[in-house]
Amino acid sequence: MPDFNTPSLRLGIDLGGTKIEIIALDNTGTERLRHRVPTPQNDYPATVETLAHLVRQAESELGMSGSVGIGTPGALSHVTGLMKNCNSTCLIGRPLKADLEAALGREVRLTNDANCFALSEATDGAAAGAEVVFGVILGTGVGGGLVVRGQVLNGINSIAGEWGHNPLPYFQFRHAQADHEETGTHPATGERIVHPWPSERECNGPPCYCGKKGCIEAWLSGPALAADHVRYGGEDLPAHEIAQLAAAGYGPCSKTLARYEERLARALAGVINILDPDVIVLGGGLSNIQRLYDNVPKLWPRYVFSDRIDTKLVPPIHGDSSGVRGAAWLWNK
């Protein structure tokens, strides 16, 4: 029986809403194999069978067995052994870990996909060697994962790092009388900015799919950035086009990104004040907005309780592959 605690082959699986991807890494982190298949829709038994088939197929192709780690769009309750907080609703309340272990006849390690992203970048990515790493997903939704000394920290409720459903911190320094009143310059760019909390409408916050209002996800996801642009009189554009137009110097889009940066700075300042991470790595589609890495840290001194801030804000090295690589690295010790 292979010793999966020190495996020579690590299989990682990223279970997404539309696709399932498997990767095989050797001990050096070199990719040996990668496959991608569609995710069975609203069919839990078929999902489990697809996961097991991908593992068997990979091991057959490589001629050796490996450890299995899986990143999921949700969390596993340590109390019940059932899945919760899943974007793929067919997983909710299901014993995914136990069912996959039964299908494969071995232990499987499973965690949230944001944790896998953070682990990948902490292991051999942008935060390699850092003691405390916070990985942030800024995409269709907002997620987070926490890695301490090379190990994922899940927490007793399996929600460590889930900052996306905290309320956006207010941190209001000045009061604006009008809905679109400008209240100063962006400290990082010098642009005139609109105060991010000028009205009762914004203080209540936009609705979030979780049922609450004003969640960080409802302000900082890609769709939230696009909605904020419209809220302030802009055209209905996707987030990536807003970023492109801002880079080209288009004023309304630049102001939208300035508001976004200020809100992101406040949200991350709360993380820094609690966790004090060495490195924060951004992932997801919005992590491609290069100005974030210069502008957001310049805003932190307003909100972080420290005379100096050494936390680094960096883009990922492995990009879209970080989730599946991190799943493989769940067996790094």
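Read in order, the letters of the sequence shown are residues 83 to 415 in our numbering.
Note that beta-carbon positions come from the ideal geometry of N, C-alpha and C, so glycine has one too.
All values derive from a computational prediction rather than experimental measurement.
*the ligand ZN heavy atoms versus the CB of Asn194: any closer than 7 Å?*
The ligand ZN is absent from the structure shown, which contains no ligands of any kind.
*Quick one: Cα of Lys394 to Cα of Ala212, how far?*
10 Å
*Is it a yes or a no for the stretch 232-246 touching the stretch 148-162, going by three-plus beta-carbon pairs under 8 Å?*
yes
*Length of the line joining the Cα atoms of Leu220 and Gly367*: 6 Å
*In the stretch 109-195, which residue ranges form an unbroken beta strand (DSSP E) of at least 3 residues, counting only runs that do not cross its ends?*
113-120, 149-154, 191-194
*Per DSSP, which residues does Leu364 bridge with? Please list them.*
DSSP lists Val218 as partners of Leu364.
*What are the boundary residues of the beta strand (DSSP E) that Ile95 is part of?*
91-97
*When the distance is taken between beta carbons, is Ile152 closer than 8 Å to Val119?*
With respect to the 8 Å criterion, Val119 and Ile152 are not classified as neighbours on the basis of their beta carbons.
_Neighbourhood of His196 by C-beta distance below 7 Å, restricted to the same chain and skipping five residues each side_ = The residue asked about is misnamed: residue 196 is Ala in this sequence, not His. Once the five neighbours on either side are set aside, the close Cβ partners of Ala196 are Gly217, Ile219, Gly225, Gly226, Gly227, Gly243.
*Note down, in chain order, each residue of its chain lying with its Cβ closer than 6 Å to the Cβ of Ala200, except the 5 sequence neighbours on either side.*
Val215, Gly217, Gly227, Val229
_With the cut-off set at 8 Å, would you say Arg341 and Asp310 are in Cβ contact?_
yes
*Enumerate in chain order the residues of its own chain whose CB-to-CB distance from Asn355 is below 7 Å, with the five nearest sequence positions on each side excluded.*
Val386, Phe387
_Residues sharing a beta bridge with Gln233, DSSP_ = BP columns for Gln233 point to Val230.
_Opposing strand residues paired with Gly225 [DSSP bridges]_ = Ile219
*Classify Pro359 as buried or exposed, calling it buried when 16 or more other Cβ atoms lie within 10 Å of its own Cβ.*
buried
_Between which two residues does the alpha helix (DSSP H) holding Leu339 run?_
For Leu339, the uninterrupted alpha helix (DSSP H) segment begins and ends at 333-357.
_Val137 versus Tyr291: straight-line alpha-carbon distance, rounded_ = Looking at the backbone, the Cα of Val137 and that of Tyr291 are separated by about 33 Å.
*Glu299 (DSSP reduced to helix, strand or coil)*: helix
*Specify whether the stretch 173-190 and the stretch 132-151 touch according to this definition: at least 3 beta carbon pairs, one from each stretch, less than 8 Å apart.*
A contact exists between the stretch 173-190 and the stretch 132-151.
*Among Gly287, Gly352, Ile371, the one whose alpha carbon lies nearest that of Glu323*: Ile371
*Looking at Val353 and Trp245, is the spacing between their C-beta atoms short of 8 Å?*
Going by beta carbons, Trp245 and Val353 fall inside the 8 Å limit.
_Give me, in chain order, the residues of the same chain whose beta-carbon lies closer than 7 Å to that of Pro177; leave out the 5 immediate sequence neighbours on both sides._
The residues Gly163, Leu164, in chain order, have a CB closer than 7 Å to that of Pro177 in the same chain once the five nearest residues on each side in sequence are set aside.
*Thinking C-beta only, is Gly94 closer than 8 Å to Val363?*
No. Outside cutoff.
*Just the Cα atoms here: how many angstroms apart are Lys295 and Ala347?*
Going from the Cα of Lys295 to the Cα of Ala347 covers about 19 Å.
_In the DSSP output, which residue or residues are listed as bridge partners for Ile399?_
Per DSSP, Ile399 has no beta-bridge partner at all.
*Flag this pair as yes or no: are the beta carbons of Gly202 and Trp411 separated by less than 8 Å?*
One point to set straight first is that residue 202 is Ser, not Gly, in the sequence displayed. The answer is yes: Cβ separation under 8 Å.
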